[in-house]
Amino acid sequence: MSGPSGETVFAVEGVRFAYPGQPPCLDGVSFEVRGGERLALVGANGSGKSTLLHLLDGLYFPGEGRVAYLGRPLTEDALEETPFGPRFRQEVGFLFQSSDAQLFCPMVEDELAFGPLQMGWTQDEVLRRIEDTLALLEISRLRGRSPAGLSAGEKKRVALASLLVLSPSVLLLDEPTAGLDPRSQSLLLEILEALHARGLTLVTATHDLTLLPHLADRVIVLSEEHRLVADGAPERVLADTDLLLAVNLIHAHSHRHGRLVHSHPHQHVVAHEHVHDHGHTHED
Amino acid sequence: MTALPEWLRPGARPSGGVSPRPAAHRLLRRTLGAMGRSLALLVREDDGPNAGALRAADPRAKLLAAVGLIVVATFLRGMLPLAVCLGLTLALSVAARVPGRRLLPVLIAVPLASAALMLPATLNVVSGGSPLLVLWRTAGGALGPWRLPEIVAITGDGLLVAGRMVLRTTACAALALLLAATTRPQQLLGGLRSLGVPQAFVMVLAMAERYLAVLLRSAQELHLARLARSVAAIGVRREEAWAAAGVGAVFRRTRALADEVTLAMVSRGFTGEVRLLRPARWQRKDWLLMAVAAAVGAALLILDRRLA
Ligand SMILES: Nc1ncnc2c1ncn2[C@@H]1O[C@H](COP(=O)(O)OP(=O)(O)OP(=O)(O)O)[C@@H](O)[C@H]1O
Ligand SMILES: [Mg+2]
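Going down the list, the protein sequences come from chains A and B.
Oh and the first sequence: position 70 is 70 in my numbering, straight run, nothing missing.
To convert, count from 1 in the second sequence and add 284; that's my numbering.
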């Protein structure tokens, strides 16, 4: 079903969404996701990133506006139809922010088998895929363990494995690198890179600005007012200090050089450089 | 630079306040821990190294056999057949290596509870019959239209009724435990489904099982979080209040997490159907299991009729 790269995978138009009895947490959001694209969704805590991903995955539905997948509106009715519903579930994988919510089977192996078995694939095919996916994520030794007893990083890998085993064409990733040690983090980035090369569409919600250039070719920014305030290449968005300050992703930061304290906007970015020319406002 | 509050420094303690009583709340903490552990035992899913023939059997065969024998047990009236039924179940449980820590609670709690329930039935006032042991002599007389009994006593008939009931409930509980201990919940649900139990019903059971697991997890996490935050020991009463508030928090969190779990299942294509990796296949030994269960059931019923 998922077409050639460049085609519109998701079209989000004027979406407004509120949890029951609460003010809207997405307010008139519109954008498109194209096939094969790596899109990052950034915004401060509570800006609505996770909510937006739930909408893209057809788990919540907008109060106003619409979300379409490959030209078809994502509605409850559409998702209950065959073949659209099951195909959508197979093609779009969602890595939840909380692995605890995502892992619900008694054993890691069952966790990986869940999606494929729901799709009605044969036992042999399912077992073969489990084998391969466990090896890819270097978690074969966890196969017989209970997910509840794993470390946070291990859980994240199992959760990702449970999506990859379905061979999705789109991955929605909610804070995929949170809680991973440097080694696991680079393994994840390598895998995402390889998936990107295979033509997968990746939508990643994150506030880890350091990883942004590795995760995305395009960044959209959600403000604390739950609106879309920027859309562009990572370098351009990262360079826009005023914007990042305005959406509270970075903060004015002061630090000490010898006896002097000076203030400047600060962000924890790989390319973090600033010249200590002591030309700023000085305090004691 | 971030200005930390004045009091946020190592070793800073406010003056005054209640001095802690370290030993007082240990009991509550232990109780909670024990509760968590026994709950964990209930929803555990490890097959252990010695899986045994009963564990390998098709869940449908086990389900049919267990349900059939439970029905038979409810029809048995004689003490001997009931005792035989309980004895056989226990022997089988031991053979299938059902751990003692799962078996013992059932063998203690179920008889005690049903005995307590049946206590009134042993008295002549309730079920009549000839007195065996007089507990209390009253002055007799009448209360309005009712004649008061002259004695309150335990009767032989009453004891028989109560004994039968205690044996029967224990036998049924032991059978159910044997089934639960040798079959993983998922398999059991799959078995129910393929025996023609409606999907909606099985799905409710499946969700109940999931929610129970989630509930257990958040209860334990919350308890640990509380322990981690309890800077100084506090009084028993306050800790009890704390625990009560904790129950509320556990349920709220469980609901939120369980909702997320449901979404995660839907996201991976959940259709409401229980589908298993390596589903059990009905084999010749499953027919054998059914045949043996049927024979035992029939033998018990015949023995029962003979003795009656
Ligand atoms: N289940 C819910 N019920 C009610 N309100 C919710 C729920 N989930 C999120 N919210 C609210 O909606 C807003 C957006 O939440 P969301 O989780 O989408 O933010 P986020 O950008 O993912 O934040 P974070 O970076 O902390 O993960 C928040 O104000 C939050 O309090
Ligand atoms: Mg979030």
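Using N, Cα and C, we set each Cβ at its ideal position, and we do this for glycine too.
Just so it is clear, the structure is predicted and the values come from calculations on it, not from any experiment.
Buried or exposed: which applies to B:Leu396, given that a residue is buried once 16 or more other Cβ atoms fall within 10 Å of its Cβ?
Stepping through the second sequence from its first residue, residue 396 of chain B is reached at position 112. Looking at its Cβ environment, which holds fewer than 16 other Cβ atoms inside 10 Å, B:Leu396 is exposed.
I'd like the ranges of any beta strand (DSSP E) spanning at least 3 consecutive residues and lying wholly in the stretch 90 to 124 of chain A.
Counting only runs of 3 or more, we get 92 to 95.
I'd like to know whether the C-beta atoms of A:Arg141 and A:Glu64 end up nearer to each other than 7 Å.
On the first sequence, residue 141 of chain A is found 141 positions in, with the first residue counted as 1. On the first sequence, residue 64 of chain A is found 64 positions in, with the first residue counted as 1. No, the pair does not count as a contact, with Cβ atoms beyond the cut-off.
Starting from the N-terminal side, write out each stretch of the alpha helix (DSSP H) that is 4 residues or longer and does not extend beyond the stretch 161 to 212 of chain A.
Taking only runs of at least 4 residues, the alpha helix (DSSP H) segments lying wholly in the stretch 161 to 212 of chain A are 182 to 197.
In terms of residues, what are the limits of the beta strand (DSSP E) holding B:Thr454?
Mapped onto the second sequence, residue 454 of chain B falls at position 170. Here B:Thr454 belongs to no beta strand (DSSP E); instead the alpha helix (DSSP H) covers Gly440 to Thr466.
Work out the CA separation of B:Asp588 and B:Ala349 for me, nearest whole Å.
In the second sequence, counting from the first residue as 1, residue 349 of chain B sits at position 65. In the second sequence, counting from the first residue as 1, residue 588 of chain B sits at position 304. C-alpha separation (whole angstroms): 19 Å.
Return the chain-ordered list of same chain residues with a C-beta closer than 7 Å to the C-beta of B:Thr373, the five sequence neighbours on each side being excluded.
Looking up residue 373 of chain B in the second sequence gives position 89. Only Ala455, Ala458, Leu459 and Leu462 meet the Cβ criterion.
B:Leu541 touches chain A at which residues, Cβ-Cβ below 9 Å?
Taking the first residue of the second sequence as 1, we reach residue 541 of chain B at position 257. The answer, in chain order, is Ser98, Asp100 and Ala101.
Is A:Tyr19 a contact residue of ligand 1, with contact defined as CB to any heavy atom under 6 Å?
Working through the first sequence from its first residue, we reach residue 19 of chain A at position 19. Indeed, a heavy atom of ligand 1 lies less than 6 Å from the Cβ.
Looking at C-alpha atoms only, which residue of A:Val170, A:Glu76, A:Asp174 and A:Val247 is the closest neighbour of A:Gln90?
Stepping through the first sequence from its first residue, residue 90 of chain A is reached at position 90. Ranking A:Val170, A:Glu76, A:Asp174 and A:Val247 by Cα distance to A:Gln90 puts A:Val170 first.
Closer than 7 Å, Cβ to any Cβ of chain B: which residues of the stretch 80 to 94 of chain A, in chain order?
Within the stretch 80 to 94 of chain A, the qualifying residues are Pro86, Arg89, Gln90 and Phe94.
Could you give the distance in angstroms between the alpha-carbon of B:Ala548 and the alpha-carbon of A:Pro62?
For the purposes of this step, residue 548 of chain B is taken as residue 264 along the second sequence, with counting starting at 1. For the purposes of this step, residue 62 of chain A is taken as residue 62 along the first sequence, with counting starting at 1. If you take the alpha carbons of B:Ala548 and A:Pro62, they lie about 19 Å apart.
Taking only the alpha-carbon atoms, compute the straight-line gap between B:Leu292 and B:Val390 and give it to the nearest angstrom.
Along the second sequence, read from residue 1 onward, the residue named residue 292 of chain B stands at position 8. Along the second sequence, read from residue 1 onward, the residue named residue 390 of chain B stands at position 106. In a straight line, the C-alpha of B:Leu292 is about 51 Å away from that of B:Val390.
So the alpha helix (DSSP H) B:Thr358 belongs to, where does it begin and stop?
Within the second sequence, the letter at position 74 stands for residue 358 of chain B. Segment Pro343 to Phe359, the alpha helix (DSSP H) holding B:Thr358.
Tell me where the beta strand (DSSP E) around A:Gly65 begins and ends.
Counted from its first residue, the first sequence places residue 65 of chain A at position 65. Glu64 to Tyr69 is the extent of the beta strand (DSSP E) around A:Gly65.
Express the C-alpha separation of A:Glu125 and B:Gly556 in angstroms, rounding to a whole number.
Along the second sequence, read from residue 1 onward, the residue named residue 556 of chain B stands at position 272. Along the first sequence, read from residue 1 onward, the residue named residue 125 of chain A stands at position 125. When rounded, the distance between both Cα atoms is 22 Å.
Using a Cβ-Cβ cutoff of less than 8 Å, which residues in the same chain neighbour B:Leu376 once the five nearest sequence positions on both sides are dropped?
Counting from 1 along the second sequence, the entry for residue 376 of chain B is found at position 92. Closer than 8 Å at Cβ, skipping near neighbours: Leu338 and Leu462.
Starting from the beta carbon of B:Arg452, find every residue of chain A whose beta carbon is closer than 9 Å, and list them in chain order.
Working through the second sequence from its first residue, we reach residue 452 of chain B at position 168. Within chain A, no residue comes near B:Arg452; the closest Cβ sits about 33 Å away, beyond 9 Å.
Of all the options A:Gln118, A:Glu76 and A:Ala11, which has the alpha carbon lying nearest to the alpha carbon of A:Tyr69?
Sequence index remark: in the first sequence, residue 69 of chain A carries index 69 (1-based). Answer by Cα proximity: A:Ala11.
Would you call the CB atoms of A:Pro86 and B:Gly553 closer than 7 Å?
Along the first sequence, one-based indexing puts residue 86 of chain A at 86. Along the second sequence, one-based indexing puts residue 553 of chain B at 269. Against a cut-off of 7 Å, the Cβ pair of B:Gly553 and A:Pro86 comes out as a contact.
Is the beta carbon of B:Thr453 less than 7 Å from the beta carbon of B:Pro343?
If you number the second sequence from 1, residue 453 of chain B lands on position 169. If you number the second sequence from 1, residue 343 of chain B lands on position 59. In this structure, B:Pro343 does not lie closer than 7 Å to B:Thr453 by Cβ.
Using the Cα positions of A:Val42 and A:Leu243, report the straight-line distance between them to the nearest angstrom.
As a working mapping, residue 42 of chain A is identified with position 42 in the first sequence. As a working mapping, residue 243 of chain A is identified with position 243 in the first sequence. For A:Val42 and A:Leu243, the distance between alpha carbons rounds to 12 Å.
Cα-Cα, which of A:Val158, A:Ser50, A:Leu137 and A:Leu136 is closest to A:Ser146?
Numbered from 1 along the first sequence, position 146 holds the residue referred to as residue 146 of chain A. The candidate whose alpha carbon is nearest that of A:Ser146 is A:Val158.
Could you give the C-beta distance for A:Ala152 and A:Gly179, rounded to a whole number, given that I count them as a contact under 8 Å?
Taking the first sequence and counting its residues from 1, the one referred to as residue 152 of chain A is at position 152. Taking the first sequence and counting its residues from 1, the one referred to as residue 179 of chain A is at position 179. Rounded, the Cβ-Cβ distance is 4 Å, consistent with contact.
To which residues does DSSP link A:Gly232 through a beta bridge?
By one-based count along the first sequence, residue 232 of chain A stands at place 232. The partner list for A:Gly232 (beta bridge, DSSP) reads A:Val219.
Reducing DSSP to helix, strand and coil, say where B:Pro469 ends up.
In the second sequence, counting from the first residue as 1, residue 469 of chain B sits at position 185. Helix at B:Pro469.
Given that a residue counts as buried once 16 or more other Cβ atoms are within 10 Å of its Cβ, and exposed if not, what is B:Leu432?
The residue labelled residue 432 of chain B in the question sits at position 148 within the second sequence. Label assigned to B:Leu432: exposed.
Short of 7 Å in beta carbon distance, which residues of its chain neighbour B:Ala307, apart from the five on each side in sequence? Order them along the chain.
The residue given as residue 307 of chain B occupies position 23 in the second sequence. For B:Ala307, the predicted model reports a pLDDT of 46, less than 50, meaning its position is unreliable and no value from the coordinates is stated.
Along the chain, where does the beta strand (DSSP E) containing B:Val558 start, and where does it finish?
Taking the first residue of the second sequence as position 1, residue 558 of chain B is located at position 274. Where B:Val558 is concerned, there is no enclosing beta strand (DSSP E), given that its DSSP letter is neither H nor E.
Give every residue of the same chain whose Cβ lies closer than 6 Å to the Cβ of A:Thr317, excluding the five residues on either side of it in the sequence, and list them in chain order.
There is simply no residue 317 of chain A to check, as chain A begins at 1 and stops at 284 in what is shown.
Just verifying my parser: in three-state terms, what is the DSSP assignment at B:Leu417?
Looking up residue 417 of chain B in the second sequence gives position 133. Note: B:Leu417 maps to strand in three-state DSSP.
How about B:Val450 and B:Ala399: are their beta carbons less than 7 Å apart?
For the purposes of this step, residue 450 of chain B is identified with residue 166 of the second sequence, where counting begins at 1. For the purposes of this step, residue 399 of chain B is identified with residue 115 of the second sequence, where counting begins at 1. Yes.
Along chain A, which residues have their Cβ under 7 Å away from the Cβ of B:Arg562?
Numbered from its first residue, the second sequence carries residue 562 of chain B at position 278. Neighbours of B:Arg562 on chain A, chain order: Gln123.
Identify whether B:Ala583 lies in helix, strand or coil by the three-state DSSP scheme.
Here residue 583 of chain B is taken as the residue at index 299 of the second sequence, counted from 1. If DSSP states are grouped into helix, strand and coil, B:Ala583 belongs with the helices.
Tell me, please, whether the CB atom of B:Arg590 is closer than 7 Å to any CB atom in chain A?
By one-based count along the second sequence, residue 590 of chain B stands at place 306. No, B:Arg590 does not count as interfacial toward chain A.
With B:Ala375 as the anchor, note down where its alpha helix (DSSP H) starts and where it stops.
For the purposes of this step, residue 375 of chain B is taken as residue 91 along the second sequence, with counting starting at 1. Element bounds for B:Ala375: Met363 to Ala379.
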